[in-house]
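Engineer:
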Amino acid sequence: MYTAVDNLNIAANIKNEPDKKNKRNRRKKRFVDLASIGFIAFFIVLTIIIWYISAKIGIWLSNQRIVANIVHFPISLARNALTNFQQKRVSNAVSGIINQIPEHIVENGCSNDDDDNCAICLGTHETGDKVRTLLCTHQFHSVCVDEWIKKHNNCPSCRAEVFNIDSHGKAKLNKIEHLNQMPTATENEQQNPDNSITENV
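When the count follows UniProt numbering, it moves up by one through the sequence shown with no breaks and lands on 201 for the last residue.
(1) Residues bridged to LYS130 by DSSP?
(2) So for HIS141, helix, strand or coil by DSSP?
(3) Quick check on ASN84: does DSSP put it in helix, strand or coil?
(4) Can you tell which of PHE140, LYS29, THR133, ALA78 has its C-alpha closest to the C-alpha of ILE101?
(5) Throw me the rounded Cβ distance for the GLU107 and THR127 pair, which I believe falls under 8 Å.
(6) Select from ARG65, TRP51, ILE149 the residue whose C-alpha is nearest the C-alpha of GLY96.
(7) So GLU161 and ASN154 are in contact, right, with Cβ under 8 Å, and what is the actual spacing, rounded?
(8) Check SER111 in the structure and name its three-state DSSP category.
(9) Per the DSSP calculation, THR124 is bridged to which residue(s)?
(10) What does a CB cutoff of less than 8 Å around PRO156 pick up in its chain, not counting 5 residues either side in sequence?
(11) Taking DSSP as the reference, what is the three-state secondary structure of ASN99?
(12) What's the gap between the Cα of VAL32 and the Cα of ARG65?
(13) So, helix, strand or coil for ASN153, using DSSP?
(14) Going by the DSSP bridge assignment, what does ASN22 pair with across the sheet?
Written out as structure tokens, the structure is:
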């Protein structure tokens, strides 16, 4: 049976058993705590790595854009300079040519004809309005057609070119081809209009 010493040992073992369980629980808890900290640290490091790589990619892409802009800058600069030069050349030539287009003041007022309407502003030609008549015989308010010609160089109604610019930058009013090339009647046709009809048929 048990001696007193054995009883004391049993009592000591029973007393120590909860300590062993507590140690195991503490070890498990410590392991869970360390695993959680490691897991969180892993994701923090992973986030920093991803951020660093994306920043490097962003810097690389912006450098590529800078390089592309540097390469294309002279081309765009030259294109803009040429466009500006052409616009100034046309503008200088047009300012002198617009004054050569006949201008008159409307005296009769409007008569509800299509010819009495400005195709640019869609307004009618009222008494006292300044009107320009292009070579194609279309009429427009002077203010309207002056701005139109600076931008478009053609008649708003029939699209006939108003002027040409030569290689020296000088503008010349166009002569409407179909008006200049209309056949003229010969003296015989003017005297006998009936004969001209039968001869042509």
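Each residue gets a CB set at the ideal place from its N, CA and C atoms; glycine is no exception.
From a predicted model like this one, the values you see are computed outputs, not experimental measurements.
Structural biologist: Quick look at the numbers:
(1) Stepping through the sequence shown from its first residue, residue 130 is reached at position 130. Paired residue(s): ILE105.
(2) Residue numbering aside, residue 141 sits at position 141 when the sequence shown is read from its first letter. Secondary structure at HIS141: strand, using DSSP grouped into helix, strand and coil.
(3) The count along the sequence shown starts at 1 and reaches residue 84 at position 84. ASN84: helix per DSSP, three-state reduction.
(4) For the purposes of this step, residue 101 is taken as the residue at position 101 of the sequence shown. The residue with the shortest Cα to Cα distance from ILE101 is THR133.
(5) Along the sequence shown, read from residue 1 onward, the residue named residue 107 stands at position 107. Along the sequence shown, read from residue 1 onward, the residue named residue 127 stands at position 127. Going by Cβ atoms, the distance from GLU107 to THR127 rounds to 6 Å, so yes, they are a contact pair.
(6) Locating residue 96 in the sequence shown gives position 96, where the first residue counts as 1. It is ILE149.
(7) Position 161 of the sequence shown, counted from the first residue, corresponds to residue 161. Position 154 of the sequence shown, counted from the first residue, corresponds to residue 154. Between GLU161 and ASN154, the beta carbon gap of about 5 Å places them in contact (Cβ cut-off 8 Å).
(8) Here residue 111 is taken as the residue at index 111 of the sequence shown, counted from 1. For SER111, the predicted model reports a pLDDT of 49, less than 50, meaning its position is unreliable and no value from the coordinates is stated.
(9) Numbered from 1 along the sequence shown, position 124 holds the residue referred to as residue 124. BP columns for THR124 point to ASN117.
(10) Against the sequence shown, residue 156 aligns to sequence position 156. Only ALA119, ILE120, HIS138, PHE140, VAL145, TRP148 meet the Cβ criterion.
(11) Position 99 of the sequence shown, counted from the first residue, corresponds to residue 99. In the structure shown, ASN99 sits in coil (DSSP, three-state: anything other than H, G, I, E or B).
(12) Position 32 of the sequence shown, counted from the first residue, corresponds to residue 32. Position 65 of the sequence shown, counted from the first residue, corresponds to residue 65. CA-to-CA, the gap between VAL32 and ARG65 works out to about 49 Å.
(13) Here residue 153 corresponds to residue number 153 of the sequence shown, with the count starting at 1. Reduced to three states, the DSSP call for ASN153 is coil.
(14) For this step, residue 22 is matched to residue 22 along the sequence shown. Beta-bridge pairing links ASN22 to no other residue.
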